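Protein chains in written order, with my numbering: chain A, -15 to 558; chain B, 1273 to 1572.
Just so you know, even glycine gets a beta-carbon here, dropped at the ideal spot from N, CA and C.
On a predicted model such as this, the values are computed, not experimentally measured, just so you know.
Structure representation (structure tokens):
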């Protein structure tokens, strides 16, 4: 780099004062960003990647403090700039895009007005032409019918649209530097692709520099020139993207690349060699025996569309409330010992389907037969007492949300043992709980902790231990790794594969992530708008998809060319 | 309950302390982290001690009148002075603590239990019961609450029991609404779904899984409401509905003393009024501390 860098961070150290003393979130981080360059900062939760960017913007919360180091933006030392300078800089020179677009927007103000606010604040527009400029900004992020969307409130827009609005706000004043903190987490893959391409195109055409903060190595590899890998507040590796993937120098980077499902052929490949255990010998004949365990036929679930009195009146009165079909005639079956992936984007009805299968929700019509017995005769509310309750269990998406905040890990795991198995002897319950904890790899000394005292991976293990406590024959996994870091995801996926082999369980694996499904499932069902689009064995479906929609989904997965080249030839075609 | 607490079996953990020790450590943490909470708890402890032992400690009989000593200003013998019948104001203020606290605590306890049950039921099952109870509570709230309490006491009779009931009734809607809102947002939370999968029946889920999690906001409501309940009971006595004259009670004492302020005998109304204020103040301060105590997220 011959030019002086646009942003230069030198030896940055950020500390947080907490109840347990001072915690160093970022220690001696140095990085430089040239004009027009795209830098990726990759790391797992707690690596300090977001804190670094907050320090640049000087929006650390009150407990946080820049202890030492320098942040130079051009000729300006940001670490000692006063608040007025920073307020002027934010939005005009440096802009930021946050993870949750809906939370970043003011819910009670039309989106157009929110863009105007920024423009007027930085004297980029007057009250006379602000509106025209705001509409122009909306058009730039390719929101169709921008003049009409100008009046929309955030809740009226989809997640992807909200993120476009946030980008429009961030770019309204044509800043020099754009910091995107996990801009596409929580968005569907196809939306993610659209949003990332938009950011890339806009930053290129404006000659902006940008920092992409993400946990997804694949995403960073596809869109960044250079990548910085952070671990525990330190930069472990900083290289050009291609080099990083082809010749990773640091052990942590290698582990991270390894855990990314894109490059793996098998679940076992996700773990570093030294942690890998030989696949346990299946206790039960694992291969799908052909005999169906679960048969779902013509399953339909409708929901009432909330509507005011006026809307109902306008629709012509007596027709009753409008119904929305979340699941629209779904038919599939799962054989004993088989694992089936249910894939689709948010709102496609996959979670509703799984909730009906585990009998948390009553279907509007259709049948669910488990080992030949019809389940829908019994109401969801009464199913707790059914002898089949123990056979159908579920692992939830968010490990934090799915544990009672007042119950210790042991109490959570013991709950099904007491309620379903009817165990009463305390010592025996404790014994079973410890046995289960060992099985899922949860250290027994953590059993008396409350959920918020456990890490994400530990909470996931508690959730899995609870679900397998009754030795179910069918386990529904609703995005069990969506909230986890890739390296934790790798461990959890392996655990699930081991448990399946050991117990001979069948899995219904609900996910939006085709790569994860590829590693774990024998068969894949692709859903869209409540219907099944395509169904077939994993290998065939992913390598030669028949439906356009499946092809679109596959194409949207960020997969840098040099990452795919690692994979063995048979999967490369996908 | 079987799933109460397990004795820690493994000794590798840094400090497998008993639940009691953990509870105490948490109590100490909450007290030391916020001085306001600490002050509030000290005041509360003082008040409870006074309510328990006050009547046996006071220097004078609160009901003994002495016409010769009527309307004496505060002195060494009568710290808060004497009233129009020569009774010692200090003794009367101290003795009244028990009655005032008893009325407000029992009233708040009744409305807490009934309100939480009503609101939890409505929030969990919804439907016609929710709509019906919601409108019923709206109706109660539509009355000026103090007037409603007056009406209840006037109609049902001038007894302490009726003051308690009246105070409980007018406070009920607040608890029911908080409980309903807190329960309905948790009704389909993932951990509640997980409890369903674990074979818990709906009733058990509501009582064992959801209600304990609604405690933190309920506690804030409870402590704010306590002060309000004390004021309400005193107010009823002040206007002559409720506790009858010879009994020592802050509200009546303020009411009786108010007549003498004009003629310069300020101590008759000031000291019971100050006691009332201090009690309300204490309970209002207590809110945050109580919430922190019952909130598991505040534990390390």
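Quick one: which chain A residues come within Cβ less than 7 Å of residue 1548 (chain B)?
The premise fails here: residue 1548 (chain B) is roughly 36 Å from chain A at the closest Cβ pair, so nothing lies under 7 Å.
Output, in sequence order along the chain, the residues in the stretch 1471 to 1487 of chain B whose CB is closer than 7 Å to any CB in chain A.
Near chain A, meaning a CB-to-CB distance below 7 Å, the residues of the stretch 1471 to 1487 of chain B are 1471, 1472, 1473, 1474, 1481, 1484 and 1485.
Is there at least one Cβ from chain B nearer than 9 Å to residue 308 (chain A)'s Cβ?
no
With a threshold of 16 other CB atoms inside 10 Å of the CB of residue 282 (chain A), please say whether the residue is buried or exposed.
exposed
Going along the chain, which residues of its own chain have a beta-carbon closer than 6 Å to the beta-carbon of residue 1522 (chain B), five neighbours each way excluded?
1368, 1372, 1506, 1544, 1547 and 1548
Taking the alpha-carbon positions, what's the residue 1324 (chain B) to residue 84 (chain A) distance?
54 Å
Would you mind telling me which residues of chain A sit closer than 7 Å to residue 1461 (chain B), beta carbon to beta carbon, in chain order?
385
Under 7 Å Cβ-Cβ, which residues of chain B neighbour residue 365 (chain A)?
1474
Rounding to the nearest angstrom, what Cα-Cα distance links residue 342 (chain A) and residue 316 (chain A) in this structure?
15 Å
Should residue 121 (chain A) be labelled buried (16 or more other beta-carbon atoms within 10 Å of its own) or exposed?
Buried, by the Cβ-count rule.
Is any non-hydrogen atom of the ligand ADP found closer than 8 Å to the C-beta of residue 310 (chain A), if you look at the structure I gave you?
Looking for the ligand ADP in the displayed structure turns up nothing, as the structure carries no ligands at all.
Applying a beta-carbon distance threshold of less than 8 Å, which residues of chain B neighbour residue 340 (chain A)?
In chain order: nothing, as chain B lies at least about 13 Å away.
Check whether the Cβ atoms of residue 188 (chain A) and residue 20 (chain A) lie closer than 9 Å to each other.
Yes, the pair counts as a contact, with Cβ atoms nearer than the cut-off.
In its own chain, which residues sit with a C-beta less than 8 Å from the C-beta of residue 16 (chain A), not counting the 5 before and 5 after it?
Excluding residues up to 5 positions away in sequence, -15, -11, -9, -8 and -7 lie with their Cβ nearer than 8 Å to the Cβ of residue 16 (chain A) in the same chain.
According to DSSP, which residues form a beta bridge with residue 24 (chain A)?
A:196 and A:211
Under the three-state reduction of DSSP, which class applies to residue 567 (chain A): helix, strand or coil?
Look at the range of chain A in this structure, -15 to 558, and you will see that residue 567 (chain A) is not part of it.
Quick check: is the beta carbon of residue 1468 (chain B) nearer than 9 Å to any beta carbon in chain A?
Taking Cβ atoms only, chain A reaches closer than 9 Å to residue 1468 (chain B), which makes this a yes.
Taking only the alpha-carbon atoms, compute the straight-line gap between residue 277 (chain A) and residue 236 (chain A) and give it to the nearest angstrom.
42 Å
For residue 109 (chain A), name the three-state secondary structure that DSSP assigns.
coil
So, does the CB of residue 1292 (chain B) fall closer than 9 Å to a CB anywhere in chain A?
no
If you reduce the DSSP assignment to three classes, tell me which class residue 564 (chain A) lands in.
In this structure chain A extends from -15 to 558, so residue 564 (chain A) is not present and cannot be described.
Leaving out five residues before and five after residue 265 (chain A) in sequence, what residues of the same chain have Cβ atoms less than 7 Å from its Cβ?
For residue 265 (chain A), the predicted model reports a pLDDT of 46, less than 50, meaning its position is unreliable; a value from the coordinates is still stated below. Taken in chain order, the list of residues that qualify is empty.
According to DSSP, which residues form a beta bridge with residue 491 (chain A)?
According to DSSP, which records beta bridges pairwise, residue 491 (chain A) is partnered with A:323 and A:459.
Are there 16 or more other CB atoms within 10 angstroms of the CB of residue 1500 (chain B), so buried, or fewer, so exposed?
buried
Are the C-beta of residue 447 (chain A) and some C-beta of chain C separated by less than 9 Å?
Within the model displayed, chain C is absent; protein chains A and B are what it includes.
Cβ of residue 180 (chain A) less than 9 Å from any chain B Cβ?
no
Could you tell me the boundaries of the beta strand (DSSP E) in which residue 1381 (chain B) lies?
In this chain, residue 1381 (chain B) is not harboured by any beta strand (DSSP E); it is covered by the alpha helix (DSSP H) spanning 1361 to 1397.
Using the Cα positions of residue 1391 (chain B) and residue 465 (chain A), report the straight-line distance between them to the nearest angstrom.
36 Å
Residue range of the alpha helix (DSSP H) that residue 527 (chain A) falls in?
522 to 527
Report back the beta-carbon spacing between residue 246 (chain A) and residue 543 (chain A) to the nearest angstrom; my notes put them in contact at under 8 Å.
5 Å
What residue range does the beta strand (DSSP E) around residue 183 (chain A) cover?
Run containing residue 183 (chain A): none in the beta strand (DSSP E); it sits in the alpha helix (DSSP H), 173 to 190.
Under 7 Å between beta-carbons, which chain A residues line up against residue 1569 (chain B)? List them in chain order, please.
389 and 436
Apart from the five residues on each side of it in sequence, which residues of its chain come closer than 7 Å, Cβ to Cβ, to residue 1518 (chain B)?
1335
I want to see whether chain B comes within less than 9 Å of residue 154 (chain A), judged by CB atoms only; does it?
no
Please list, in chain order, the chain B residues whose beta carbon lies closer than 7 Å to that of residue 346 (chain A).
Those do not exist, as residue 346 (chain A) stays about 13 Å from chain B at its closest Cβ, beyond 7 Å.
Check the Cβ of residue 400 (chain A) against every Cβ in chain B and list those closer than 8 Å, keeping chain order.
1469, 1470 and 1471
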